[in-house]
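S.K.: The numbering used here numbers the first residue of the sequence shown as 32 and each following residue consecutively.
My questions will all concern the structure given below.
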Amino acid sequence: MIYFRSDYSQGAHPKVLDALQKTNLEHTDGYGLDVHCENAAKIIKQLIGREDCDVHMMVGGTPCNVTLISASLRPYEAVVAARTGHIYSHETGGVEATGHRIISMPDEDGKLTVKSINAAWDEYEDEHTVVPKLVYISQPTESGSLYSKAELEALHECCKARDMYLYIDGARMASALTSKYCDLTLKEIAALCDVFYLGATKNGALFGEALIIMNPEMNEHFRWMIKQNCGLLAKGRLIGVQFEALLEGGDDCIYFSMARHANELAEKLRNGLDELGCEFLGSSQTNQVFPYLPTDVVKKLEKDFFFYEWTPERDGKIVTRFVTAWGTTEEDVDALIESIKELLKN
Numbered sequence: 032m033i034y035f036r037s038d039y040s041q042g043a044h045p046k047v048l049d050a051l052q053k054t055n056l057e058h059t060d061g062y063g064l065d066v067h068c069e070n071a072a073k074i075i076k077q078l079i080g081r082e083d084c085d086v087h088m089m090v091g092g093t094p095c096n097v098t099l100i101s102a103s104l105r106p107y108e109a110v111v112a113a114r115t116g117h118i119y120s121h122e123t124g125g126v127e128a129t130g131h132r133i134i135s136m137p138d139e140d141g142k143l144t145v146k147s148i149n150a151a152w153d154e155y156e157d158e159h160t161v162v163p164k165l166v167y168i169s170q171p172t173e174s175g176s177l178y179s180k181a182e183l184e185a186l187h188e189c190c191k192a193r194d195m196y197l198y199i200d201g202a203r204m205a206s207a208l209t210s211k212y213c214d215l216t217l218k219e220i221a222a223l224c225d226v227f228y229l230g231a232t233k234n235g236a237l238f239g240e241a242l243i244i245m246n247p248e249m250n251e252h253f254r255w256m257i258k259q260n261c262g263l264l265a266k267g268r269l270i271g272v273q274f275e276a277l278l279e280g281g282d283d284c285i286y287f288s289m290a291r292h293a294n295e296l297a298e299k300l301r302n303g304l305d306e307l308g309c310e311f312l313g314s315s316q317t318n319q320v321f322p323y324l325p326t327d328v329v330k331k332l333e334k335d336f337f338f339y340e341w342t343p344e345r346d347g348k349i350v351t352r353f354v355t356a357w358g359t360t361e362e363d364v365d366a367l368i369e370s371i372k373e374l375l376k377n
């Protein structure tokens, strides 16, 4: 069975495991107050070129989203997100469980637009409705598309004008930054939002994300909120050690080289399927590819490959999702393309 279901189906990059092994017998303080978390935060600040921010080592993406949103909003305030956004479609009502409504709006190729944000704002009239206060987006989006610099600047200006926070989910941020279609730098992303995170679970770590709060008012008592939301890991240094290993070398670190590798193989897959006449859902500019495949092909393909059926069958076809990762090989992609080619013939 060859895996294309996700980018977290393998363990961790050998360099990460080596770093964990080498530091295994160290005694450090707990809860992220250790030299490794401090050093990882220092490296991140150097990468974004800012010292005036706060870095928190978190255990996963959903804890980032739920904790950040619940910490930032008053009880009557709400989140604006795309209908395809991860917090709306794949987090089991985690945000709503904190008492905050998600105002879901139409998207364009997975992306939230200024038009949609303004439409959500226009629904707010008085004390009888929730107040839109935080805009949630992800880079890349749930469908693998990317916000351009111009689009992010427009969202940032819109949020400033409305006194709203802009939060960027970065579970696959490394894939975004290393995509040939991306015209944004990490420094620009940091400057164009109130808070974002660098995901590692989906890019070579066993687990862990680094949440970077740029807006100081959102950091007040944030560690208290992490603890209350069951996310303050006693052995927090395990996340710090992993980020040290991932980010060692700055712009030449494995954090970026692994994501670049995944993107290149995803493009190879997309090009191969395009040559077979496949159509795709969305632009798929990173390490996720969403081809439409005949239902009978999908069922036969599932005998040898592990992937997602992304949408229900329609007109005899299913949108499938194939995800490449740091551990995906050229041979894996070649085998998948060849199998689909043979199945389409029959």
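The C-beta atom is built at its ideal place from N, Cα and C for all residues, glycine as well.
Just verifying my parser: in three-state terms, what is the DSSP assignment at residue 151?
M.R.: Note: residue 151 maps to helix in three-state DSSP.
S.K.: Start and end of the beta strand (DSSP E) containing residue 230?
M.R.: First-last of the beta strand (DSSP E) with residue 230: 226-230.
S.K.: Does residue 322 come out as helix, strand or coil in the three-state DSSP assignment?
M.R.: Strand at residue 322.
S.K.: Out of 246, 146, 299 and 318, state which residue places its alpha-carbon closest to the alpha-carbon of residue 234.
M.R.: Residue 318 is the option with its Cα nearest to residue 234.
S.K.: Closest by CA to residue 101, which one among 296, 216, 65 and 167?
M.R.: Nearest C-alpha to residue 101: 167.
S.K.: Taking contact to mean 3 or more Cβ pairs, one atom from each stretch, closer than 8 Å, check whether the segment 127-136 and the segment 184-191 are in contact.
M.R.: With a cut-off of 8 Å, the segment 184-191 and the segment 127-136 do not count as touching, because too few Cβ pairs lie within range.
S.K.: Only counting the same chain, and skipping five residues up and downstream in sequence, which positions put a Cβ closer than 8 Å to that of residue 33?
M.R.: Taken in chain order, the residues that qualify are 335, 336, 337, 363, 366 and 367.
S.K.: Nearest to residue 216 by alpha carbon, out of 320, 126, 72 and 179?
M.R.: For the residues 320, 126, 72 and 179, the minimum Cα distance to residue 216 belongs to 179.
S.K.: Take residue 52 as the anchor and find which of 143, 237 and 328 has the nearest alpha-carbon.
M.R.: Minimum Cα distance to residue 52 is reached at 237.
S.K.: If you count every other CB in all the chains shown that lies within 10 Å of the CB of residue 357, and 16 or more means buried, which is it?
M.R.: Classification for residue 357: buried.
S.K.: Between the beta-carbon of residue 351 and the beta-carbon of residue 340, is there less than 8 Å?
M.R.: In this structure, residue 340 lies closer than 8 Å to residue 351 by Cβ.
S.K.: If we require 3 or more residues per run, which beta strand (DSSP E) segments fall completely within the segment 134-180?
M.R.: If we require 3 residues or more, the beta strand (DSSP E) runs fully inside the segment 134-180 come out as 162-169.
S.K.: Which value, in whole angstroms, describes the spacing of the CA atoms of residue 176 and residue 58?
M.R.: So the alpha carbons of these two residues sit roughly 43 Å apart.
S.K.: Three or more beta-carbon pairs under 8 Å between the segment 148-155 and the segment 93-108, yes or no?
M.R.: Result no; under three Cβ-Cβ pairs closer than 8 Å.
S.K.: In whole angstroms, what is the alpha-carbon distance linking residue 333 and residue 374?
M.R.: The alpha-carbon atoms of residue 333 and residue 374 are separated by roughly 12 Å.
S.K.: If you run the structure through DSSP and keep just helix, strand and coil, what is residue 375?
M.R.: Correct three-state label for residue 375: helix.
S.K.: Residue 72 and residue 86: beta carbons closer than 8 Å?
M.R.: Taking 8 Å as the Cβ cut-off, residue 72 and residue 86 qualify as a contacting pair.
S.K.: Check each candidate in 78, 212, 174 and 268 and name the one with the smallest Cα separation from residue 281.
M.R.: Here the closest residue by C-alpha is 78.
S.K.: Considering only DSSP beta bridges, list what residue 352 is partnered with.
M.R.: Bridge partners of residue 352: 339.
S.K.: For residue 111 versus residue 171, is the C-beta distance shorter than 8 Å?
M.R.: No, these two residues do not count as a Cβ contact at 8 Å.
S.K.: Which residue spans inside the segment 65-116 form an unbroken alpha helix (DSSP H) run of at least 4?
M.R.: DSSP runs (the alpha helix (DSSP H)) wholly in the segment 65-116: 66-79 and 92-103.
S.K.: Put residue 240 into one of helix, strand or coil per three-state DSSP.
M.R.: Strand.
S.K.: Cα separation between residue 243 and residue 227?
M.R.: Their backbone Cα atoms lie some 5 Å apart in a straight line.
S.K.: Name the residue from 203, 183, 113 and 61 whose alpha carbon lies nearest to the alpha carbon of residue 38.
M.R.: Minimum Cα distance to residue 38 is reached at 203.
S.K.: Check whether the segment 247-256 touches the segment 108-122, taking contact to mean three or more Cβ pairs, one atom from each stretch, closer than 8 Å.
M.R.: Touching, no.
S.K.: May I ask which residues mark the beginning and end of the alpha helix (DSSP H) holding residue 48?
M.R.: Run containing residue 48: 45-53, per the alpha helix (DSSP H) assignment.
S.K.: Should residue 226 be counted as a contact of the ligand PLP given a C-beta to heavy atom distance under 7 Å?
M.R.: As for the ligand PLP, it is missing from this structure, which has no ligand bound.
S.K.: Since residue 345 sits in a beta bridge, which residues does DSSP pair it with?
M.R.: Answer is 348.
S.K.: Using 8 Å as the threshold, is the C-beta distance between residue 213 and residue 207 below it?
M.R.: Contact flag set, yes.
S.K.: May I ask you to list the residues that DSSP assigns as paired with residue 197?
M.R.: 166, per the DSSP bridge assignment.
S.K.: Find out if the Cβ-Cβ distance for the pair residue 182, residue 142 is shorter than 8 Å.
M.R.: Taking 8 Å as the Cβ cut-off, residue 182 and residue 142 qualify as a contacting pair.
S.K.: Is it true that the CB of residue 169 sits closer than 8 Å to the CB of residue 200?
M.R.: Contact flag set, yes.
S.K.: Do you know offhand how far residue 157's Cα is from residue 322's?
M.R.: When rounded, the distance between both Cα atoms is 45 Å.
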